[in-house]
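Per this note's numbering, the sequence shown starts with residue 462, numbered consecutively. For glycine and all other residues, C-beta sits at the position ideal for the given N, C-alpha and C. Everything numeric in this text was worked out from a predicted model, so none of it was measured. Working notes, structure below.
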Amino acid sequence: MQDAAVEDDNSTRQRILAATAEVLGRHGMTKLSLSEVALQAGVSRPTLYRWFASKRDLLDGFVVWERQYYERAVAEATAGLPAGEKLDAALRVIVEYQQSYPGLRMIDIEPAQVIKRLSRVIPLMRSRLERLAQGPDAALAVATAVRVAVSHYLVRSDDDDQFLTQLRHAAGVTK
């Protein structure tokens, strides 16, 4: 019975963090309302405070959750693939992530905050993709692909196929 309680608690925490992405995408960090996050997550404010004692705690937890969300998506997309196909799978994750993840639209609301965060995100993305890349210029190709991904994030494209084609070209992936 205790396993079900732990799973339920984890599910509540995950709902709160996913709701945080939605609310951040609408209002940004400075106008983040814990009441709105609780409403979006379908939990009471006391439940939210049980998990996150303050707005700062929630934002800190969100940063970790967001990174784990991306890492998990890449790991799932590349699992069991031959080495030569893993980078392409990760690039497809980037396109899907940018087109569907609500928290990513914070650039429209709080560009200064997002640009500040990008300085921490870019090295993490590059490091993750470098583990999947092959060839003599793999690090350079991955760094270029990350810059293309950031560019598409800053100036959103509605053409997923073109975005993926550009990422593949930058990373030296042929399809």
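Note that the C-beta distance between M567 and G489 is below 8 Å.
Taken through DSSP and simplified to helix, strand or coil, V616 comes out as coil. Residue state for G522 is assigned as helix, using DSSP reduced to three classes.
Contact between V609 and L590 fails: their C-beta atoms lie close to 12 Å from each other, not under 8 Å.
The beta carbons of A514 and I477 sit no closer together than 8 Å.
Contiguous alpha helix (DSSP H) elements confined to the region 574 to 628 occur at 599 to 615, taking only those with 4 or more residues. With contacts defined as CB atoms closer than 8 Å, Q559 and Y614 qualify as a contacting pair.
Here A631 is buried. Its C-beta has 16 or more other C-beta atoms within 10 Å. By the criterion of a C-beta distance shorter than 6 Å, F624 is surrounded in its chain by V556, H613 and S618, once the five residues flanking it on both sides are discounted. For E557, the enclosing alpha helix (DSSP H) begins and ends at A544 to S561.
Under the three-state reduction of DSSP output, G541 falls in the coil class, being neither helix nor strand.
Rounded to the nearest whole angstrom, the CA to CA distance from K636 to L552 is 12 Å. Beyond the five residues adjoining it in sequence on each side, I583 comes within less than 7 Å, by CB distance, of V607 and V611 in the same chain, given in chain order.
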